[in-house]
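Keeping their order, the protein sequence lines are chains A and B.
Be aware that the first sequence starts at 16, since it is given in the working numbering, and climbs by one per residue.
Be aware that the second sequence starts at 27, since it is given in the working numbering, and climbs by one per residue.
We treat Cβ as the ideally placed atom computed from N, Cα and C, and that holds for glycine.
One structure is given below, encoded as structure tokens.
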Amino acid sequence: MGVRKVVIVGGGPAGSAAAIAASRRGADVVLIDRAIFPRNKACGDAITPTGMETLHRLGASAVVERGWAIEGARFRHGNMSGRAYRLDHPLGITIPRHDLDAYLVELAVESGTTLIQGDRVTDVVGDAGSMRSVVTNSGRSFDADIFIGAFGTASPLHPIFGGNPDSIVMSGLAIRSYATGMDPEAASCLDFIFPIAHSGQLIPGYGWAFPIKTSEGELRVNVGVGIMSAHYASVSARALLSETYARLREIDEFTRVEPLDQPAAGLLRSSPHIQLSSYSNVLFVGDAAGLVNPVTGEGIAAALASGEMAGSRAAALGEEYPDCASVTSAYVAGMGHVNESLFKMVWPHASEPAGWELCGVMMNTQRPTFRALRRTWVKEFVNPELGIKAEDTPNDAVGSALATVRSPLLERALIELRKDRDSPIGRVVQSLVAPGSVLSQEGRDVTTALELLDLQAQLMLDVQPNGSHDTVLSNGLPLLLADMILVQVQRIGVRTEAARSLLIEFGRSQAIMGIKLRQTSDAKAVVALLMNQAGLLLGSGMKHLVGLGPSPAAPEVISLARLVGCLHDVTWRLGKVRHWRRESPILEELPPWASRDGKGMPALEDALVDEAKRLLAQKTSRQGEDSGLAPVLCDVQTAAWQVLEGSTEPDPGDRPLVSPGASRPARR
Amino acid sequence: MRVDVSEKPVGVCEGRDGVEVGLSAVEQCLVDLLQAGPGFDLDLLRSLLHGGKRLRAALLLDCARQVGGTTTSSDVVTAAATIELLHLGTLIHDDVMDASLTRRGVPTVNAMQGDSVAGYVGLWTLSAAMAAMEQLPEYIYGRAEETLKAMCDGQFAEAMALGNADRSVDEYLTAIEGKTGSLFGLSSYVGARLCCDDIGHAEQGLSAATALGVAYQIVDDVFDLDPKGTESRGKPAGADVRAGVITLPVLLARDRDDSVGDLLTAVGKDPELATSILAVVRRTHADVSALEVAEAIIADALTDADASPLRPALSRFASSIRAHIEVGLQWE
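Laid out in structure tokens, this is it:
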């Protein structure tokens, strides 16, 4: 076989990336697009770090330099001003598709691609299983060994190229226009707006306002809205966009925002797997392959990656790959699982309004349940580059118990919640195990049950006294998760009676303490109840470990374990209260255990300080310390001293995502 | 929202003396179980409990009797009371999730005491149920665990589907099988299993009663739309529609009349539109069709259980649902 001939239809990022990659590999490449570049394209114009990497690899670093650097993201919900997240590396860039696409097409031509623009492919010639040529509007015909379909979403060419439109799983719609009047001070963040609604009904999707620089160096803002379900295709996209503008103008940075041009809309189609053609020598890339992120609607990164992959594989036909079938399988294998995990993770919730309402709530509250959800969300969807790595998924008993929770998203959130809590339970039990010996199955079960119950207690505390019923899930979700944990502990109780007894005892005592907690507003009494709960959990845990672990639980050991549990809890809560007093703009958003109102916060802090000091001064018996708990006690004591002296920055929970240097406060 | 019809269904006591005697023992057992838990004011819990019909307990007792058990034996009575407590605990949590203000004609715990107290009261009730379960044979616990998981899953599916006008009939049926059907299934299973060594009978009861529970929920969902049901059910008509819970009659109406989709989209902002939705349900006879679906499910369940010794008990439970279906059909 001589030089491979590759015809690429569509000159968006996917087609150009394919053309660049194939030309560099020495293929004879023709790139056909119906438009004449530069041309406009409806898009959010934002490129993620993954997309930037591909651009660098393609030799398009100049376009990255030319783009507008984005440092963070802000999530706005309802009337709230929104929370900002800044990252310790750039979140990405924005660049008008008008400029990006023209630049990439030019780069393809420089790499040796023949560009046919302003001509539309109308038909194909092929026979059983193989395509021979494409025919254009002007009557020209281009033959090739291999064809790449890069014609975007919902193109009439998709079925002509052998695509199966029924295999697209999710479809949606996005609309945007460019605007002026954004506060330049705020122009380093992407703004996301939740929830979106039409006639008062929540709609799955989000609004956005992305700052962007034109090629003339002027600041603009790309304002748009994306809907994630076909059902809402009947909703007027223009009306939604107007509503998004109206919402934006209520925000300080956008009060003077005015659209500059007519809105442009596009369809979003997404599929868990790469779309394949019935022709053996046709590859689909980018949106045409269904590679739009089903949650965010983002598609440029996947377009660039798939284009590069398909182009380089196609060029190696006859060398590395004997036939078209092996090119296709190399391409599919190279792309990996694409959107499969996202679909597994959120489907079917992505299409459900309640899921998106939840999203809005979780972006703007300090409540631990929602904060954990938010971290999961940001890691998994908004910026997958921060994604939870395999090793972050706990491989322990608690992790696997949580893995049976109904929704993978909730399961991840619970894992996050547990990380945040950093319970001393595991260490306490481990310390009691004589060196060299292993905890029995029952002992492990009791430990797992203890950790799960600790998590459940946190979730129960996260149910606010008087539910804000503007969102049903606000209190329903923590409660439902608490119930799900109850089920997990119950499951462990099927094989281990001690875990069952623990559940019954702790469940009832916890409930009684919780009710008392809600009926008192005296800070000292609140702290006493919280300590009671923390001590009870570890205390009764130790009791149930009697005879199960290799170490006997003498009364001294039980009381020392209680002390460890209380000291850890008081330190953790003191850190939280200090953080909220300093950071939280919205006092009523605090977990209900903290205070009924802002005025109670100083009293609560004082009570926690007193309690920490009291616990630190507590005498411990010799026998207790000999049990092996001394090092754990020493650690919690040190942590308590540090927080008391204010020498540590208490964990704000969202810290892993915020770079201290770049940190700017969220607008109030 | 989970099933709750407050008036005694037609025919609940006919020919079931053993069940009646057992039920009064269950009442006593419930009083005892609740007394074992001081520490907070149980009056709310008691008044909620008082309004219940003990349908699950009755089914359990009746199934026990059909396989030769005694409806007053300690295990059977404790099991029936335990299932009622499980039911009560999940009802209290449901009311928080649905933001319901009344139930069984009295204010809900969340309405009186706030969401967080209601959460704890529910948790206490569930823990009390599990404590009671300790007195029962080991295998019951495992089944109860699976049931509670199914109930949570069903409730979760229901919560995530709020306001989803795209919801399919299958998704609806799966959700109510978890949240409502599974506990009826457990009742029949436990009744049979405690009094008979043939596990096959218990398994048969489980699947038939689960299906009957689904039919029961469908009928309840139809009654939710009945303006005349306001007094008897202790909650206002159309409460589900207003809260965004899209149930079978509404799903069927949606498939018959295009305007329903738009109405469902708008009802979140303007609850008064619920009346229009109810009107379309009536006009398209979607309520009748939903009742027919329930009837078909009942008929299938009873046919499947034809050879089962539990059949008479299942039939009696089915008759009580059918009595409601009859009432519903007479609205026409």
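- Item | The alpha helix (DSSP H) enclosing phenylalanine 207 of chain A, as first and last residue numbers | Segment 204-209 is the beta strand (DSSP E) holding phenylalanine 207 of chain A; no alpha helix (DSSP H) there.
- Message: Please return the same chain residues whose Cβ sits closer than 6 Å to the Cβ of arginine 271 of chain A, not counting the five positions on each side in sequence.
- Response: When the five nearest sequence neighbours on each side are left out, the beta carbons in the same chain lying within less than 6 Å of the beta carbon of arginine 271 of chain A are those of Gly196, in order along the chain.
- Message: Is there a Cβ of chain B sitting closer than 7 Å to that of methionine 499 of chain A, yes or no?
- Response: Yes, because at least one Cβ of chain B sits closer than 7 Å to the Cβ of methionine 499 of chain A.
- chain A contact residues for valine 307 of chain B, given Cβ-Cβ distances below 8 Å: For valine 307 of chain B, no chain A residue has a Cβ inside 8 Å of its Cβ, as the nearest lies near 19 Å away.
- With 16 other Cβ atoms within 10 Å as the buried cut-off, status of aspartate 584 of chain A: A residue is called buried once 16 or more other Cβ atoms fall within 10 Å of its Cβ, and aspartate 584 of chain A is buried on that count.
- Task: Have a look at threonine 282 of chain B and valine 297 of chain A and give me their C-alpha separation to the nearest angstrom.
- Result: Here residue 282 of chain B is arginine; the residue named in the question, threonine, does not match the sequence. Their backbone Cα atoms lie some 42 Å apart in a straight line.
- Task: For chain B, find out if any of its Cβ atoms is closer than 7 Å to the Cβ of arginine 533 of chain A; answer yes or no.
- Result: Interface residue, yes.
- Item | Contact set between the segment 165-180 of chain B and chain A, restricted to residues whose Cβ is under 9 Å from the partner | Within the segment 165-180 of chain B, the qualifying residues are Tyr167, Gly168, Ala170, Glu171, Glu172, Leu174, Lys175, Met177, Cys178 and Asp179.
- Task: Give me the Cα-Cα distance between alanine 325 of chain A and asparagine 490 of chain A, rounded to the nearest whole angstrom.
- Result: The alpha-carbon atoms of alanine 325 of chain A and asparagine 490 of chain A are separated by roughly 48 Å.
- Please go through the same chain and pick out, in chain order, the residues whose beta-carbon is closer than 7 Å to the beta-carbon of serine 446 of chain A, but skip the five residues on each side of it. Within the same chain, serine 446 of chain A has close Cβ partners Gly643, Leu644, Pro646 and Val647.
- Message: Below 7 Å on C-beta distance, what does asparagine 547 of chain A contact in chain B?
- Response: Those within 7 Å of asparagine 547 of chain A in chain B number zero; the least Cβ separation is about 12 Å.
- Task: Tell me whether leucine 495 of chain A sits in a helix, a strand or coil according to DSSP, three-state version.
- Result: In the three-state scheme derived from DSSP, where H, G and I count as helix and E and B as strand, leucine 495 of chain A is classed as helix.
- Message: Please list, in chain order, the chain B residues whose beta carbon lies closer than 9 Å to that of glutamine 277 of chain A.
- Response: Residues of chain B passing the Cβ test: none, with the nearest at roughly 26 Å.
- Message: Taking the alpha-carbon of serine 536 of chain A as reference, which of A:Pro219, A:Ala513, A:Thr462 and A:Ala622 has the nearest alpha-carbon?
- Response: The shortest C-alpha separation from serine 536 of chain A is found at A:Ala622.
- Entirely within the segment 158-192 of chain B and at least 3 residues each: give me those beta strand (DSSP E) ranges in chain order. Within the segment 158-192 of chain B, no complete beta strand (DSSP E) run reaches 3 residues.
- Message: For arginine 272 of chain B, report the span of its alpha helix (DSSP H) as first-last.
- Response: At residue 272 of chain B the sequence reads isoleucine, which differs from the arginine that was named. Careful: isoleucine 272 of chain B lies outside any alpha helix (DSSP H) and carries neither H nor E.
- Query: Within 7 Å (strictly less), CB to CB, does leucine 494 of chain A reach chain B?
  - Reply: Judged by the 7 Å Cβ criterion, leucine 494 of chain A is in contact with chain B.
- Item | Check whether valine 319 of chain B and alanine 279 of chain B have beta carbons under 7 Å apart | No; because the gap between Cβ atoms is not below 7 Å, this pair is not in contact.
- Query: Of all Cβ atoms in chain B, is any one closer than 7 Å to the Cβ of valine 509 of chain A?
  - Reply: Output row for valine 509 of chain A: interface = yes.
- Counterpart residues of serine 148 of chain A in DSSP-defined beta bridges: The beta-bridge partner set that DSSP reports for serine 148 of chain A consists of A:Val140 and A:Asp158.
- How should glycine 241 of chain A be labelled, buried or exposed, when 16 other C-beta atoms within 10 angstroms of its C-beta is the threshold for buried? The residue is buried, with at least 16 neighbouring Cβ atoms inside 10 Å.
- When DSSP builds the beta bridges, which residues end up paired with threonine 195 of chain A? As DSSP reads the structure, threonine 195 of chain A sits in a beta bridge with A:Glu273.
- Considering only the beta carbon of each residue, do leucine 122 of chain A and isoleucine 35 of chain A sit closer than 7 Å? Yes, they are a contact pair.
- Query: Just to confirm, are valine 461 of chain A and leucine 560 of chain A a CB contact at a threshold of 7 Å?
  - Reply: With respect to the 7 Å criterion, valine 461 of chain A and leucine 560 of chain A are classified as neighbours on the basis of their beta carbons.
- Query: Starting from threonine 109 of chain A and walking both ways along the beta strand (DSSP E), at which residues does that stretch end?
  - Reply: Its beta strand (DSSP E) spans residues 107-109.
- Selection from A:Asp641, A:Ser524, A:Arg235 and A:Tyr336 that minimises the alpha carbon distance to aspartate 60 of chain A: The option with the nearest alpha carbon to aspartate 60 of chain A is A:Arg235.
- Task: Ignoring anything shorter than 3 residues or poking outside the segment 23-93 of chain A, list the beta strand (DSSP E) runs there in chain order.
- Result: Runs found: 43-48, 83-85 and 87-92.
- Expressed to the nearest angstrom, what Euclidean distance is found between the alpha-carbon atoms of leucine 425 of chain A and leucine 619 of chain A? Rounded to whole angstroms, the separation of the alpha carbons of leucine 619 of chain A and leucine 425 of chain A is 31 Å.
- Message: Output needed in chain order: residues of the segment 513-533 of chain A with a Cβ under 9 Å from some Cβ in chain C.
- Response: Protein chains in the displayed structure are A and B, and chain C is not among them.
- Message: On the criterion of 16 or more Cβ atoms from any shown chain inside 10 Å, does serine 156 of chain A qualify as buried, or is it exposed?
- Response: Exposed.
- Query: Where does serine 258 of chain B sit, in a helix, a strand or coil, going by DSSP?
  - Reply: With a pLDDT of 49 at serine 258 of chain B, under the threshold of 50, the modelled position of that residue is not reliable, and no figure is offered here.
- Could you give the residue range of the beta strand (DSSP E) that holds threonine 129 of chain A? Start and end: 129-132.
- Any C-beta of chain A sitting closer than 7 Å to the C-beta of serine 73 of chain B? So, not an interface residue.
- Helix or strand or just coil, what does DSSP make of serine 438 of chain A? Coil, per DSSP.
- Task: Taking only beta-carbon positions, decide if serine 153 of chain B is within less than 7 Å of chain A.
- Result: Closer than 7 Å: yes.
- What is the rounded straight-line gap between the Cα of glutamine 54 of chain B and the Cα of glycine 590 of chain A? The C-alpha of glutamine 54 of chain B lies about 49 Å from the C-alpha of glycine 590 of chain A.
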